[in-house]
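Trainee: One structure, pasted below without further comment.
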Amino acid sequence: MTDSGKPEYQLWHYTPSTAGGAIACIIFFILTALHSWRIVKNRTWFCIPFVIGGLFETIGYGARAVADTDLQNKITYIIQSVLILIAPILFAASIYMILGRLILRTNSASYSVVRANWVTKIFVTGDVLCFFIQSGGAGMLVQANDNAGVKRGENIILGGLVLQILIFAFFVAVAATWRNRLGARPTAKSADLPWGRYIWLLYAASALITIRNFCRVVEYALGRVSLLRESVTVREADERDRMGTLLRMSGRCICTTS
1 MTDSGKPEYQ
11 LWHYTPSTAG
21 GAIACIIFFI
31 LTALHSWRIV
41 KNRTWFCIPF
51 VIGGLFETIG
61 YGARAVADTD
71 LQNKITYIIQ
81 SVLILIAPIL
91 FAASIYMILG
101 RLILRTNSAS
111 YSVVRANWVT
121 KIFVTGDVLC
131 FFIQSGGAGM
141 LVQANDNAGV
151 KRGENIILGG
161 LVLQILIFAF
171 FVAVAATWRN
181 RLGARPTAKS
191 ADLPWGRYIW
201 LLYAASALIT
211 IRNFCRVVEY
221 ALGRVSLLRE
231 SVTVREADER
241 DRMGTLLRMS
251 GRCICTTS
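The end of the sequence shown is residue 258 by the UniProt record's numbering, with every number in the run present.
Put into structure tokens, the structure is as follows:
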């Protein structure tokens, strides 16, 4: 308690797990290293944002692993809060770029409801907007000294998450329309590329990121001390979703669409 009798402001409303953070950090490091190797091997440099997202997850969970040694240390709190929050935006950027390259590689631009050379530009621009909105909200959140400041930061982050979900929904609609049209009338170049496998991997990765975003929307909508935020199960599901995204993209080497 403070001298004024008001409860002392707490950065954390749960005790971060050292073991859980360390395990997540190690797994993300391994998956990121695997993906980095595949990018260098296949020279698919457009997937670099995906690797940066993996590094953000690795550093973020590393910071969370050591956070319980000093729960009032703002540096570790800021690192884990910001990096873990914005990493999926970088995953999404690579997913958007992959669709654009698939459309061009299969010579099926006429099947897309969005012009092929605009697919990447439109979705990545939206992704960058989400990045700045959520980063701004996270910055406000970690600098807050009272519950009113926390609420403002949460509302900004919530807006960024909702926008990201809407962009993802539009992306899936564009991808599904293109896939159905190409499946009905394959092009000559599509026969040389396993585009069907790639598009299903994009769907899987998109679904995992969307599930994560829905969890975060509910979390921030209910508030910082909500039961959802207190739930270890939900936080672990969030980690598994992002690990699953990295694993699917790395294990199947989807970034070979150079």
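The beta-carbon is built from N, C-alpha and C at its ideal position, and this holds for glycine as well.
Quantities reported herein were computed from a predicted structural model and do not represent experimental measurements.
1. Please list the terminal residues of the continuous alpha helix (DSSP H) segment that includes V113.
2. Within this structure, are the beta carbons of L68 and T106 separated by less than 7 angstroms?
3. Counting Cβ pairs closer than 8 angstroms, one from the segment 65–83 and one from the segment 28–42, do we hit at least three?
4. Starting from V145, follow the alpha helix (DSSP H) in both directions and report where the run begins and ends.
5. Rounded to a whole number of angstroms, what is the C-alpha to C-alpha distance between I122 and G100?
6. For the 8 angstroms Cβ check, are there 3 or more pairs between the segment 200–218 and the segment 82–97?
7. From the DSSP output, in three-state form, read off S17 for me.
8. Is it right to say I79 is buried, meaning 16 or more other beta carbons lie within 10 angstroms of its own, or is it exposed?
9. Within this structure, are the beta carbons of T125 and M97 separated by less than 7 angstroms?
10. First and last residue of the alpha helix (DSSP H) that includes F214?
11. Can you tell me the Cα-Cα spacing of A148 and W178, whole angstroms?
12. If G137 sits next to G160, beta carbons under 8 angstroms apart, how far is it from one beta carbon to the other, in whole angstroms?
13. Out of A22, N117 and L182, which one is the CA nearest neighbour of I199?
14. Rounded to whole angstroms, what is the Cα-Cα separation between R185 and A205?
15. Taking only the alpha-carbon atoms, compute the straight-line gap between F170 and V82 and give it to the nearest angstrom.
16. Measuring straight from C-alpha to C-alpha, what distance separates F29 and S17?
17. Can you tell me which of the three DSSP states D70 falls into?
Mentor: Result, derived from the coordinates:
1. Careful: V113 lies outside any alpha helix (DSSP H) and carries neither H nor E.
2. It should be pointed out that residue 68 corresponds to Asp in this sequence rather than to Leu. Result no, Cβ atoms of D68 and T106 do not sit closer than 7 angstroms.
3. no
4. Residue 145 is actually Asn in this sequence, not Val. According to the DSSP assignment, N145 belongs to no alpha helix (DSSP H), since it is labelled neither H nor E.
5. Between I122 and G100, the C-alpha separation is close to 10 angstroms.
6. yes
7. coil
8. buried
9. No, the pair does not count as a contact, with Cβ atoms beyond the cut-off.
10. Residues W195 to L222.
11. 45 angstroms
12. 6 angstroms
13. L182
14. 26 angstroms
15. 26 angstroms
16. 18 angstroms
17. coil
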